[in-house]
Amino acid sequence: PKVLSNPALSQDSRLQAATVFGGSSLLYDSQVWIEIKGGEYAALQSYWVRLHRVVLRQRWNDCDPHAPPTDQEILSFSGAHPVWLLIRWRRLLYFSRLIRHGPIFVLAWLQHAHELGCPWHRDLVNDIAALRDLVPALSELPPPSESLQEWVSLASDYPAQWRIYVKRARAS
88 PKVLSNPALS QDSRLQAATV FGGSSLLYDS QVWIEIKGGE YAALQSYWVR
138 LHRVVLRQRW NDCDPHAPPT DQEILSFSGA HPVWLLIRWR RLLYFSRLIR
188 HGPIFVLAWL QHAHELGCPW HRDLVNDIAA LRDLVPALSE LPPPSESLQE
238 WVSLASDYPA QWRIYVKRAR AS
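With the working numbering applied, the sequence shown covers 88 to 259.
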(Lines of atoms letter the chains of each structure in order from A; the text may use other names.)
(Lines give C-alpha, C1' and ligand atoms only; values in the text may rest on other atoms or scores of the structure.)
Protein backbone atom coordinates (compact mmCIF):
# COMPACT_ATOMS: atom_id res chain seq x y z
CA PRO A 88 0.00 0.00 0.00
CA LYS A 89 2.86 2.45 0.61
CA VAL A 90 3.93 2.15 -3.02
CA LEU A 91 0.36 2.64 -4.21
CA SER A 92 -0.10 5.85 -2.24
CA ASN A 93 3.41 7.25 -2.76
CA PRO A 94 2.99 10.74 -4.28
CA ALA A 95 6.56 10.61 -5.63
CA LEU A 96 5.42 8.06 -8.21
CA SER A 97 3.19 8.99 -11.10
CA GLN A 98 -0.39 7.85 -11.01
CA ASP A 99 0.25 5.63 -14.04
CA SER A 100 3.15 3.93 -12.24
CA ARG A 101 1.02 3.37 -9.15
CA LEU A 102 -1.84 1.95 -11.26
CA GLN A 103 0.61 -0.37 -12.98
CA ALA A 104 1.95 -1.52 -9.60
CA ALA A 105 -1.61 -2.14 -8.36
CA THR A 106 -2.36 -4.23 -11.43
CA VAL A 107 0.87 -6.22 -11.36
CA PHE A 108 1.21 -6.89 -7.65
CA GLY A 109 -2.39 -6.78 -6.54
CA GLY A 110 -3.81 -8.45 -9.63
CA SER A 111 -1.32 -11.29 -9.70
CA SER A 112 -1.84 -12.14 -6.03
CA LEU A 113 -5.61 -11.65 -6.18
CA LEU A 114 -6.10 -13.74 -9.31
CA TYR A 115 -3.44 -16.38 -8.74
CA ASP A 116 -4.56 -19.50 -10.65
CA SER A 117 -8.04 -18.04 -11.14
CA GLN A 118 -8.25 -19.70 -14.55
CA VAL A 119 -8.77 -23.04 -12.81
CA TRP A 120 -11.19 -21.88 -10.13
CA ILE A 121 -14.27 -24.03 -10.42
CA GLU A 122 -16.98 -21.72 -9.16
CA ILE A 123 -17.04 -18.36 -7.48
CA LYS A 124 -19.99 -17.76 -5.22
CA GLY A 125 -21.55 -14.31 -4.71
CA GLY A 126 -19.83 -13.51 -1.41
CA GLU A 127 -16.47 -14.71 -2.67
CA TYR A 128 -16.77 -12.64 -5.83
CA ALA A 129 -17.81 -9.59 -3.80
CA ALA A 130 -14.69 -9.96 -1.63
CA LEU A 131 -12.42 -10.28 -4.69
CA GLN A 132 -14.03 -7.30 -6.38
CA SER A 133 -13.87 -5.24 -3.20
CA TYR A 134 -10.13 -5.89 -2.83
CA TRP A 135 -9.54 -5.07 -6.51
CA VAL A 136 -11.44 -1.79 -6.29
CA ARG A 137 -9.76 -0.91 -2.98
CA LEU A 138 -6.34 -1.16 -4.65
CA HIS A 139 -7.47 1.32 -7.29
CA ARG A 140 -9.11 3.62 -4.72
CA VAL A 141 -5.78 3.87 -2.88
CA VAL A 142 -4.02 4.91 -6.09
CA LEU A 143 -6.72 7.38 -7.13
CA ARG A 144 -7.48 8.88 -3.74
CA GLN A 145 -5.83 12.19 -4.59
CA ARG A 146 -7.92 12.40 -7.75
CA TRP A 147 -11.09 12.38 -5.65
CA ASN A 148 -10.10 14.86 -2.92
CA ASP A 149 -12.68 17.34 -4.20
CA CYS A 150 -15.41 14.72 -4.23
CA ASP A 151 -18.33 15.15 -1.90
CA PRO A 152 -17.50 12.92 1.11
CA HIS A 153 -21.17 11.97 1.36
CA ALA A 154 -21.23 10.70 -2.22
CA PRO A 155 -17.90 9.00 -2.96
CA PRO A 156 -17.38 7.54 -6.43
CA THR A 157 -18.86 4.13 -7.09
CA ASP A 158 -16.73 1.06 -7.66
CA GLN A 159 -17.56 1.21 -11.37
CA GLU A 160 -16.43 4.85 -11.55
CA ILE A 161 -13.15 3.96 -9.86
CA LEU A 162 -12.45 1.09 -12.26
CA SER A 163 -13.50 3.16 -15.25
CA PHE A 164 -11.26 6.08 -14.33
CA SER A 165 -8.28 3.81 -13.68
CA GLY A 166 -8.86 1.84 -16.88
CA ALA A 167 -9.22 -1.40 -14.93
CA HIS A 168 -11.71 -4.14 -15.66
CA PRO A 169 -13.92 -5.97 -13.18
CA VAL A 170 -12.59 -9.17 -11.65
CA TRP A 171 -15.03 -11.43 -13.53
CA LEU A 172 -13.67 -10.14 -16.83
CA LEU A 173 -10.05 -10.66 -15.79
CA ILE A 174 -10.89 -14.24 -14.83
CA ARG A 175 -12.65 -14.75 -18.18
CA TRP A 176 -9.54 -13.77 -20.15
CA ARG A 177 -7.32 -15.96 -17.99
CA ARG A 178 -9.62 -18.92 -18.46
CA LEU A 179 -9.66 -18.45 -22.26
CA LEU A 180 -5.86 -18.36 -22.44
CA TYR A 181 -5.61 -21.34 -20.09
CA PHE A 182 -8.05 -23.29 -22.28
CA SER A 183 -5.61 -23.14 -25.19
CA ARG A 184 -2.67 -24.25 -23.02
CA LEU A 185 -4.71 -27.00 -21.39
CA ILE A 186 -5.79 -28.66 -24.62
CA ARG A 187 -2.29 -28.42 -26.10
CA HIS A 188 -0.23 -29.48 -23.09
CA GLY A 189 -2.69 -31.14 -20.71
CA PRO A 190 -3.32 -34.85 -20.37
CA ILE A 191 -5.19 -36.54 -23.24
CA PHE A 192 -8.24 -37.22 -21.07
CA VAL A 193 -8.90 -33.46 -21.00
CA LEU A 194 -10.18 -33.62 -24.58
CA ALA A 195 -12.54 -36.46 -23.70
CA TRP A 196 -13.67 -34.59 -20.62
CA LEU A 197 -14.43 -31.47 -22.68
CA GLN A 198 -16.69 -33.52 -24.92
CA HIS A 199 -18.78 -34.77 -22.00
CA ALA A 200 -18.42 -32.10 -19.32
CA HIS A 201 -21.68 -30.41 -20.32
CA GLU A 202 -23.51 -33.66 -19.49
CA LEU A 203 -21.91 -33.69 -16.06
CA GLY A 204 -22.95 -30.13 -15.27
CA CYS A 205 -19.41 -28.99 -14.52
CA PRO A 206 -19.32 -25.30 -13.50
CA TRP A 207 -15.87 -24.74 -15.03
CA HIS A 208 -17.08 -26.09 -18.38
CA ARG A 209 -20.20 -23.91 -18.18
CA ASP A 210 -18.07 -20.84 -17.50
CA LEU A 211 -15.70 -21.77 -20.33
CA VAL A 212 -18.59 -22.10 -22.80
CA ASN A 213 -19.91 -18.69 -21.67
CA ASP A 214 -16.42 -17.20 -22.05
CA ILE A 215 -16.06 -18.57 -25.58
CA ALA A 216 -19.54 -17.31 -26.47
CA ALA A 217 -18.53 -13.84 -25.28
CA LEU A 218 -15.30 -14.09 -27.28
CA ARG A 219 -17.34 -15.03 -30.35
CA ASP A 220 -19.58 -11.99 -29.83
CA LEU A 221 -16.67 -9.58 -29.39
CA VAL A 222 -14.46 -10.74 -32.27
CA PRO A 223 -16.24 -10.51 -35.65
CA ALA A 224 -13.84 -12.97 -37.30
CA LEU A 225 -15.18 -15.70 -34.99
CA SER A 226 -18.85 -15.19 -35.78
CA GLU A 227 -18.74 -17.86 -38.50
CA LEU A 228 -17.94 -20.56 -35.94
CA PRO A 229 -20.90 -22.31 -34.29
CA PRO A 230 -21.90 -21.23 -30.80
CA PRO A 231 -19.80 -23.15 -28.28
CA SER A 232 -22.96 -24.37 -26.55
CA GLU A 233 -23.81 -26.29 -29.74
CA SER A 234 -20.37 -27.54 -30.71
CA LEU A 235 -17.13 -27.10 -28.84
CA GLN A 236 -15.02 -29.13 -31.28
CA GLU A 237 -14.30 -26.24 -33.68
CA TRP A 238 -13.22 -24.10 -30.74
CA VAL A 239 -10.95 -26.85 -29.43
CA SER A 240 -9.37 -27.14 -32.88
CA LEU A 241 -8.87 -23.37 -33.19
CA ALA A 242 -7.31 -23.01 -29.74
CA SER A 243 -5.06 -26.05 -30.11
CA ASP A 244 -4.00 -25.71 -33.76
CA TYR A 245 -3.55 -21.92 -33.79
CA PRO A 246 -2.51 -20.86 -30.28
CA ALA A 247 -0.93 -17.57 -31.39
CA GLN A 248 -4.09 -16.59 -33.26
CA TRP A 249 -6.18 -17.64 -30.25
CA ARG A 250 -4.16 -15.26 -28.04
CA ILE A 251 -4.70 -12.48 -30.58
CA TYR A 252 -8.45 -13.07 -30.49
CA VAL A 253 -8.46 -12.93 -26.70
CA LYS A 254 -6.44 -9.69 -26.78
CA ARG A 255 -8.86 -8.19 -29.31
CA ALA A 256 -11.79 -9.07 -27.07
CA ARG A 257 -9.96 -7.58 -24.11
CA ALA A 258 -9.40 -4.33 -26.01
CA SER A 259 -13.06 -3.97 -26.96
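The beta-carbon is built from N, C-alpha and C at its ideal position, and this holds for glycine as well.
Rounded separation between residue i and residue j - CA only
{"i": "I287", "j": "S243", "result": "Any property of residue 287 remains undetermined from this structure, which presents the chain solely from 88 to 259."}
{"i": "V136", "j": "D158", "result": "6 angstroms"}
{"i": "Q145", "j": "A104", "result": "Confidence in Q145 is poor, its pLDDT being 49 and thus under 50, which makes the residue's placement too unreliable to answer from."}
{"i": "H188", "j": "H199", "result": "19 angstroms"}
{"i": "P230", "j": "K89", "result": "46 angstroms"}
{"i": "V222", "j": "A247", "result": "15 angstroms"}
{"i": "S92", "j": "V141", "result": "6 angstroms"}
{"i": "F164", "j": "Q98", "result": "12 angstroms"}
{"i": "I123", "j": "R250", "result": "24 angstroms"}
heavy atom of the ligand ZN below 7 angstroms from residue i C-beta
{"i": "R219", "result": "The ligand ZN is not part of this structure, which contains no ligands at all."}
Under 8 angstroms between C-beta atoms of residue i and residue j
{"i": "W176", "j": "R257", "result": "yes"}
{"i": "Q178", "j": "D220", "result": "Checking the sequence shown, residue 178 turns out to be Arg, not Gln. Not a contact, by the Cβ cut-off of 8 angstroms."}
{"i": "V143", "j": "G109", "result": "In the sequence as presented, Val is not what sits at residue 143; that position holds Leu. In this structure, G109 does not lie closer than 8 angstroms to L143 by Cβ."}
{"i": "L114", "j": "L173", "result": "yes"}
{"i": "L225", "j": "Y252", "result": "yes"}
{"i": "L235", "j": "L197", "result": "yes"}
{"i": "P169", "j": "Q118", "result": "no"}
{"i": "I121", "j": "P190", "result": "no"}
{"i": "W171", "j": "Y134", "result": "no"}
{"i": "F182", "j": "L211", "result": "yes"}
Can you list the beta strand (DSSP E) stretches of 3 or more residues lying completely in the stretch 129-184, in chain order? none
Assess, as a yes-or-no matter, whether the stretch 155-174 is touched by the stretch 234-242 under the definition of 3 or more beta carbon pairs within less than 8 angstroms. no
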